[in-house]
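> Questions regarding the structure given below will be posed in turn.
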Amino acid sequence: MDSATQDLLTPAALVGGAAALAIATAMVVLLFLKSTATRVVPVGLLLFGFCLEVWFFKQPSLQVGLQIYPNDAISVFVLMAALVGFAYRPVPVNDAPFLLWLAFGVTMIASFVVGLNEFGRYAGTEVRPFFYMWVAGLYCLVTGFDESDLRQIGRWCVWAAYTLIGIAIYYYVAVEIGWVNRTAHFEEPATAVFRPVGSHGAFFVAAVGLVQTMAWLRRTGTRFSGLHAALFIAFTVVMQHRSVWIAAAFGLLCVFILERRHLPSRFPLILGFTLTVAFVTAVAGAFGYLDELARDLTESTLSMDDTGGTFAARVDGWVRLWESWVAAPFHTILFGFPFGQGYRRLYMDTVIEFAPHNFYLDLVLRVGIIGALLFMLPTMMAIVHGLRAKTDSEFDYLLTRGLGVGLLAALVYFIAYPSYYIIGGATGVALAHLISQRQKRRADRRAMEPVRSPLTGQIIGWRVER
Numbered sequence: 056m057d058s059a060t061q062d063l064l065t066p067a068a069l070v071g072g073a074a075a076l077a078i079a080t081a082m083v084v085l086l087f088l089k090s091t092a093t094r095v096v097p098v099g100l101l102l103f104g105f106c107l108e109v110w111f112f113k114q115p116s117l118q119v120g121l122q123i124y125p126n127d128a129i130s131v132f133v134l135m136a137a138l139v140g141f142a143y144r145p146v147p148v149n150d151a152p153f154l155l156w157l158a159f160g161v162t163m164i165a166s167f168v169v170g171l172n173e174f175g176r177y178a179g180t181e182v183r184p185f186f187y188m189w190v191a192g193l194y195c196l197v198t199g200f201d202e203s204d205l206r207q208i209g210r211w212c213v214w215a216a217y218t219l220i221g222i223a224i225y226y227y228v229a230v231e232i233g234w235v236n237r238t239a240h241f242e243e244p245a246t247a248v249f250r251p252v253g254s255h256g257a258f259f260v261a262a263v264g265l266v267q268t269m270a271w272l273r274r275t276g277t278r279f280s281g282l283h284a285a286l287f288i289a290f291t292v293v294m295q296h297r298s299v300w301i302a303a304a305f306g307l308l309c310v311f312i313l314e315r316r317h318l319p320s321r322f323p324l325i326l327g328f329t330l331t332v333a334f335v336t337a338v339a340g341a342f343g344y345l346d347e348l349a350r351d352l353t354e355s356t357l358s359m360d361d362t363g364g365t366f367a368a369r370v371d372g373w374v375r376l377w378e379s380w381v382a383a384p385f386h387t388i389l390f391g392f393p394f395g396q397g398y399r400r401l402y403m404d405t406v407i408e409f410a411p412h413n414f415y416l417d418l419v420l421r422v423g424i425i426g427a428l429l430f431m432l433p434t435m436m437a438i439v440h441g442l443r444a445k446t447d448s449e450f451d452y453l454l455t456r457g458l459g460v461g462l463l464a465a466l467v468y469f470i471a472y473p474s475y476y477i478i479g480g481a482t483g484v485a486l487a488h489l490i491s492q493r494q495k496r497r498a499d500r501r502a503m504e505p506v507r508s509p510l511t512g513q514i515i516g517w518r519v520e521r
């Protein structure tokens, strides 16, 4: 036994370790009990884990035979909270959105079990993003948030967006002055475009910006809604994720179409803001302050058709992986390759194995046509409900339309990126609102009884049950 091990096994160290473990366990138990009473706690944990993921970039892990990451623990916690909630909250077992989301989880777990037998721990690596997303959606679908809960979640989303902006500013400054080694921390060459916040974080900020834009146009948000929207959209541009630009622009167009009646009253402010930004940009550019940013933005846009770039490699990979799936046996086309199969293909005489960066393709590869349909059907139900649902209040309107626009933009985002658990949670909230409205309509119908004609027996009206 070496000296380091002996130091760790001293009585003081053992007592300290046991005390730390006991405190950590007690905190987890108390937090879990708290989450059964305060329903937004698991959502707060999801947002915290998301910010933590962006901060670390390369996730820390605990080695216990397999690597345990922070989001593993958070997702298991959220799943347990959802399961415990089944004991004292009504489960919508008669509603199609819940059953479809549950069935999607079953196909995912079945694919994982098969992959675990065939490929071992690699199946766990590939299933993680799917599991995170499904669990977040399940919890938000069945918990039954009230308006105060949803307002709290909305405020947390704004705070999380500003946290991501703060992380980006920190890394820009830290890399510039040498606190952080960019090549070592971000594992990218110094010549690459610097994006301290990844695509998921940039899209999240953009989605929150879309809702703030809607609130500002309608004059129903806070007095800072316009400022929030401007900062979040500007941040999205500066992060230079091209596919996020497209998805955010599509979402912004949808907002303008939905709120076209409010655009004329806000047009002078929009025009003034645009002219001010253009003037400040021109002045800064004339003094050379934006040369590097302009160069990065230009290179980021023009490199899309570069055969040596990541975009070309992704598109070529889509073709290769699609061909492998189409050529597979019929049961694989229906249910997909098991998790752990990998994504190996050949590109420009080089073997590459990264995921396809296309959620639709990833769906059919891992859960097949059946699983893809089980995911897309409730997602489309959530979007249609969000864009068309009748609302009772301004908050209800912003909630449903905001979720509808955000999820619609996510459909564009999925073309070049995988999904992630925040989008899954948003889908769950939208489906829960849909189920709630259906239950209210059913309750209203049960509260009425038909009035029949005494002559023909046909229904001629309705009256309230006595």
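Under this note's numbering, read the sequence shown as residues 56 to 521, first letter to last. All C-beta atoms, glycine included, are put in the ideal place defined by N, C-alpha and C. Please read all numbers here as calculations on a predicted model, not as lab measurements.
1) Evaluate the contact criterion for the segment 222–231 versus the segment 277–289: three or more CB pairs, one atom per stretch, below 8 Å.
2) Reducing DSSP to helix, strand and coil, say where ARG400 ends up.
3) Rounded to whole angstroms, how far is the Cβ of THR130 from the Cβ of TYR187, which I believe are closer than 8 Å?
4) Using C-beta distances below 8 Å, list every residue in its chain close to VAL406, excluding the 5 sequence neighbours before and after it, in chain order.
5) What number of angstroms, rounded off, separates the C-alpha of GLN295 from the C-alpha of ARG273?
6) Starting from the C-beta of ARG321, find all residues in its chain whose C-beta is less than 7 Å away, skip the five residues before and the five after it, and write them out in chain order.
7) In this structure, what does DSSP give as the bridge partners for LEU117?
8) Would you grab the beta carbon distance between ILE288 and GLY264 for me? Rounded to a whole angstrom, and I think it's under 8 Å.
9) Whose C-alpha, out of ALA245, LEU376, ARG94 and ARG237, is nearest the C-alpha of ASP201?
10) So what's VAL406 in DSSP terms, helix, strand or just coil?
11) DSSP three-state label for ILE295, please.
12) Mind checking THR60: buried by the 16 CB within 10 Å criterion, or exposed?
13) Which of helix, strand or coil does DSSP assign to PHE259?
14) Hey, how far is the Cα of ASN126 from the Cα of LEU463?
15) Report the rounded CA-to-CA distance for PHE111 versus LEU326, giving the unit in angstroms.
16) With three or more beta-carbon pairs closer than 8 Å as the criterion, would you say the segment 473–485 touches the segment 193–212?
17) For PRO97, which of helix, strand or coil comes out of DSSP?
18) Which whole-angstrom value is the C-beta distance of GLY480 and ALA128, which I expect to be below 8 Å?
19) Among the residues of its own chain, which have a CB less than 8 Å from the CB of ILE123, if the five just before and after it don't count?
20) Among VAL374, GLY426 and ARG237, which has the Cα closest to the Cα of HIS386?
21) How is PHE469 classed by DSSP in three states: helix, strand or coil?
22) Going by beta carbon distance, what residues of the same chain come within less than 8 Å of ALA165, once the five residues before and after it are set aside?
23) Check ASP417 in the structure and name its three-state DSSP category.
24) Taking ALA223 as the reference, which of GLY457, ALA284 and VAL109 has the closest Cα?
25) Indicate whether at least one CB of chain C lies closer than 8 Å to the CB of CYS106.
26) Find out if the Cβ-Cβ distance for the pair PHE254, TYR472 is shorter than 8 Å.
27) Cβ of ILE478 within 8 Å of Cβ of ASN413?
28) Determine the direct distance from the alpha carbon of PRO251 to that of ALA333, and round the result to whole angstroms.
29) Assuming PRO152 and ILE490 form a contact by the criterion Cβ under 8 Å, report the distance between their Cβ atoms to the nearest whole angstrom.
30) If we count the other Cβ atoms within 10 Å of its Cβ and call it buried at 16 or more, is ARG316 buried or exposed?
Short version:
1) With a cut-off of 8 Å, the segment 277–289 and the segment 222–231 do not count as touching, because too few Cβ pairs lie within range.
2) What you label residue 400 is simply residue 345 of the sequence shown in a count that begins at 1. Of the three classes helix, strand and coil, the one that applies to ARG400 here is strand, per DSSP.
3) Position 75 of the sequence shown, counting from 1, holds the residue named residue 130. Position 132 of the sequence shown, counting from 1, holds the residue named residue 187. First, the residue type needs correcting, since residue 130 is Ser and not Thr in the sequence shown. That pair is a contact at about 5 Å.
4) Along the sequence shown, one-based indexing puts residue 406 at 351. Excluding sequence neighbours, VAL406 sits near ARG399 and ARG400.
5) Here residue 295 corresponds to residue number 240 of the sequence shown, with the count starting at 1. Here residue 273 corresponds to residue number 218 of the sequence shown, with the count starting at 1. Roughly 29 Å between the two C-alpha positions.
6) On the sequence shown, residue 321 is found 266 positions in, with the first residue counted as 1. A distance below 7 Å between beta-carbons, with the five flanking residues on each side excluded, links ARG321 to the following residues of its chain, in chain order: LEU272.
7) Residue numbering aside, residue 117 sits at position 62 when the sequence shown is read from its first letter. According to DSSP, residue pairing for LEU117 in a beta bridge involves ILE123.
8) Residue 288 sits at position 233 when you count from the first residue of the sequence shown. Residue 264 sits at position 209 when you count from the first residue of the sequence shown. At roughly 5 Å, the Cβ-Cβ gap stays under 8 Å, so ILE288 and GLY264 are in contact.
9) The residue labelled residue 201 in the question sits at position 146 within the sequence shown. The residue with the shortest Cα to Cα distance from ASP201 is ARG94.
10) The residue given as residue 406 occupies position 351 in the sequence shown. For VAL406, the secondary structure class from DSSP, reduced to helix, strand or coil, is strand.
11) Here residue 295 refers to the residue found at position 240 of the sequence shown. One detail in the question is off: residue 295 reads as Gln in this sequence, not Ile. Here GLN295 sits in coil by DSSP.
12) Residue 60 sits at position 5 when you count from the first residue of the sequence shown. Its pLDDT being 39, under 50, THR60 is placed unreliably in this model, and the value from its coordinates should be taken loosely. With fewer than 16 other Cβ atoms from the protein chains shown falling within 10 Å of its own Cβ, THR60 counts as exposed.
13) Working through the sequence shown from its first residue, we reach residue 259 at position 204. Of the three classes helix, strand and coil, the one that applies to PHE259 here is helix, per DSSP.
14) If you number the sequence shown from 1, residue 126 lands on position 71. If you number the sequence shown from 1, residue 463 lands on position 408. Looking at the two C-alpha atoms, the distance is approximately 26 Å.
15) As a working mapping, residue 111 is identified with position 56 in the sequence shown. As a working mapping, residue 326 is identified with position 271 in the sequence shown. Roughly 39 Å separates the two Cα atoms.
16) Yes, the segment 473–485 is in contact with the segment 193–212.
17) Your numbering for residue 97 matches position 42 in the sequence shown. For PRO97, the secondary structure class from DSSP, reduced to helix, strand or coil, is helix.
18) The residue given as residue 480 occupies position 425 in the sequence shown. The residue given as residue 128 occupies position 73 in the sequence shown. Here GLY480 is actually not in contact with ALA128; their C-beta atoms are around 17 Å apart, not less than 8 Å.
19) Numbered from its first residue, the sequence shown carries residue 123 at position 68. Only SER116 and LEU117 meet the Cβ criterion.
20) Position 331 of the sequence shown, counted from the first residue, corresponds to residue 386. Selected option, being the one with the closest Cα: GLY426.
21) Numbered from 1 along the sequence shown, position 414 holds the residue referred to as residue 469. Of the three classes helix, strand and coil, the one that applies to PHE469 here is coil, per DSSP.
22) Residue 165 sits at position 110 when you count from the first residue of the sequence shown. So the list reads PHE390, once near-sequence residues are dropped.
23) On the sequence shown, residue 417 is found 362 positions in, with the first residue counted as 1. Of the three classes helix, strand and coil, the one that applies to ASP417 here is helix, per DSSP.
24) Working through the sequence shown from its first residue, we reach residue 223 at position 168. It is VAL109 whose Cα lies nearest to the Cα of ALA223.
25) This model lacks chain C altogether, as it is built from one protein chain only.
26) Start at 1 with the first residue of the sequence shown, and residue 254 comes out as number 199. Start at 1 with the first residue of the sequence shown, and residue 472 comes out as number 417. Residue identity differs from the one stated: residue 254 is Ser in this sequence, not Phe. Their beta carbons are under 8 Å apart, which means SER254 touches TYR472 by this criterion.
27) Here residue 478 corresponds to residue number 423 of the sequence shown, with the count starting at 1. Here residue 413 corresponds to residue number 358 of the sequence shown, with the count starting at 1. No, these two residues do not count as a Cβ contact at 8 Å.
28) For the purposes of this step, residue 333 is taken as the residue at position 278 of the sequence shown. For the purposes of this step, residue 251 is taken as the residue at position 196 of the sequence shown. Between ALA333 and PRO251, the C-alpha separation is close to 25 Å.
29) Numbered from 1 along the sequence shown, position 97 holds the residue referred to as residue 152. Numbered from 1 along the sequence shown, position 435 holds the residue referred to as residue 490. About 6 Å separates the two Cβ atoms, so the contact holds.
30) Counting from one through the sequence shown, the residue named residue 316 turns up at place 261. Exposed.
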